[in-house]
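So the structure is just underneath, and the comments pick up after that.
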Amino acid sequence: MRDEHAERYHVGMNPAKIARFRDSERYFICPLCHDALHLDGTSLRCANRHTFDIAKQGYVNLSPSAKQSQFYNKESFANRGHILDAGYYDHIMRAVLEAVDNHCPAPHNVDFAGLRDAQCPAVLDAGCGEGFYARAVQDAHPEADVLAFDISKDSIRQAAHEDMGMAVKWFVGNLADLPVHDGTIDCILDVFSPIHYDEFRRVMKDDAVVIKVVPGAHHDEQLRELARAQLRNADYSNEQTIEQFATHFTIVDSQLISQTFAMSDDDVRTFAHMTPLLFNVDIDALDLTQINELTIEARIIVARK
Ligand SMILES: [Zn+2]
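Residue numbers (my numbering): 663 to 967.
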């Protein structure tokens, strides 16, 4: 039954959306038995015949029991997509790309065939959301293998849908039990996402880097000031997060990226509804018209094992 279903699926499926999973055994393991996963028709399958279909958008669900977050629904994706498209995070994205360029082992002076087989850098975006950073890295580095996952199926579906290059290997995955082989990743991106130290270390090569992005102390400060009465702690601090990170990895670079934008009332409203720092605030009780500019700030930290 399963094969018939896959066959039928195949007819309507764009082969380009499957091509990116051709060398799956290089990176992916079965979330059930941890055996290597191979591309088989329009599915990834292990030797024990555990089967994971590639969805028509071009992603694979390797965490079939994943739960959705109440804060990441279709509406919040639309809001986030609008804010990202408007360019308010472009300075953060440029800094992430720069960090990849400067610290991810780049395959210089290698002929193309050799590069593809041996030295193609593997970048894993852990908690990629709607894929803004993963797509940017893949566009900037067509030679790289970019793997990107999130626990939210909705966000991965959206990310894959918007991936015009069809090169990023999108998957739904569990941060605490990554369906990825030991020691295969050159660079982990961890952008505004939780971290799982043991899993990161396990999948990283010895000389791999983690690029971690955390909100800066001034991030969203105009909104947090307005919501001060409702917030338990209006003064956001990332110090604890960074200190903890530094006990697990050796920090080799750290920079603060900050820009303050004039923002329309509509964009302020959209932003207020999407920022995690205000998830527990009653947005409708705030007079958002008092805000006409907003600071988008992040610290970009590069670290090694
Ligand atoms: Zn299996």
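Glycine included, each C-beta is placed from N, C-alpha and C at the ideal position.
Model, not experiment: these values are computed from the prediction.
- Query: Apart from the five residues on each side of it in sequence, which residues of its chain come closer than 6 Å, Cβ to Cβ, to D779?
  - Reply: Locating residue 779 in the sequence shown gives position 117, where the first residue counts as 1. Note that D779 has pLDDT 46, beneath the 50 cutoff, so the model's placement of it is unreliable and no number is given.
- Item | Simplified DSSP assignment, three categories, for N900 | The residue given as residue 900 occupies position 238 in the sequence shown. Shown here, N900 sits in coil according to DSSP, grouped into three states, outside any helix or strand.
- Tell me whether R778 sits in a helix, a strand or coil according to DSSP, three-state version. In the sequence shown, counting from the first residue as 1, residue 778 sits at position 116. Note that R778 has pLDDT 46, beneath the 50 cutoff, so the model's placement of it is unreliable and the number below is only indicative. The answer is helix: DSSP assigns R778 an H, G or I state.
- Shell residues, 6 Å Cβ cut-off relative to heavy atoms of ligand 1: Qualifying residues come out as C692, L694, C695, D697, C708, N710, H712.
- Task: Throw me the rounded Cβ distance for the L950 and D927 pair, which I believe falls under 8 Å.
- Result: The residue labelled residue 950 in the question sits at position 288 within the sequence shown. The residue labelled residue 927 in the question sits at position 265 within the sequence shown. Indeed, because the Cβ distance is near 7 Å, the residues count as touching under 8 Å.
- Message: Quick check on C695: buried or exposed, where buried means 16 or more other Cβ atoms within 10 Å of its Cβ?
- Response: Position 33 of the sequence shown holds residue 695. Taking a 10 Å sphere around the C-beta of C695, we find fewer than 16 other C-beta atoms and assign the residue as exposed.
- Mark P856 as exposed unless 16 or more other C-beta atoms lie within 10 angstroms of its C-beta, in which case mark it buried. Counted from its first residue, the sequence shown places residue 856 at position 194. Counting C-beta atoms within 10 angstroms of its own C-beta, P856 has fewer than 16 neighbours from the protein chains shown and is therefore classed as exposed.
- Task: Report yes if the C-beta distance between L701 and F714 is below 8 Å; otherwise report no.
- Result: Here residue 701 is taken as the residue at index 39 of the sequence shown, counted from 1. Here residue 714 is taken as the residue at index 52 of the sequence shown, counted from 1. By the CB criterion at 8 Å, L701 and F714 fall outside the cutoff.
- Message: By DSSP's criteria, S920 is part of a beta bridge. Which residues make up the other side?
- Response: Stepping through the sequence shown from its first residue, residue 920 is reached at position 258. Answer is E959.
- Query: So is the beta-carbon of V830 under 7 Å away from any non-hydrogen atom of ligand 2?
  - Reply: Ligands displayed in this structure: ligand 1; ligand 2 is not among them.
- Looking at the structure shown, is I716 part of a helix, part of a strand, or coil, going by DSSP? The count along the sequence shown starts at 1 and reaches residue 716 at position 54. In the structure shown, the three-state DSSP call for I716 is strand.
- Beta carbon of T932, beta carbon of E883: below 8 Å? By 1-based counting over the sequence shown, the position of residue 932 is 270. By 1-based counting over the sequence shown, the position of residue 883 is 221. It is not a contact, given that the beta carbons lie outside the stated cut-off.
- For Y795, collect the residues of the same chain with a Cβ closer than 7 Å to its Cβ; drop the 5 residues on either side in sequence, then sort them by chain order. Position 133 of the sequence shown, counted from the start, is the residue given in the question as residue 795. For Y795, the CB contacts under 7 Å within the same chain, skipping 5 residues up- and downstream, are M755, V758, D787, L851, V853 in chain order.
- Message: Please classify M826 as buried or exposed, where buried requires at least 16 other C-beta atoms within 10 Å of its C-beta.
- Response: Within the sequence shown, residue 826 is the residue found at index 164, counting from 1. By the neighbour-count rule (16 or more Cβ atoms within 10 Å), M826 is not buried but exposed.
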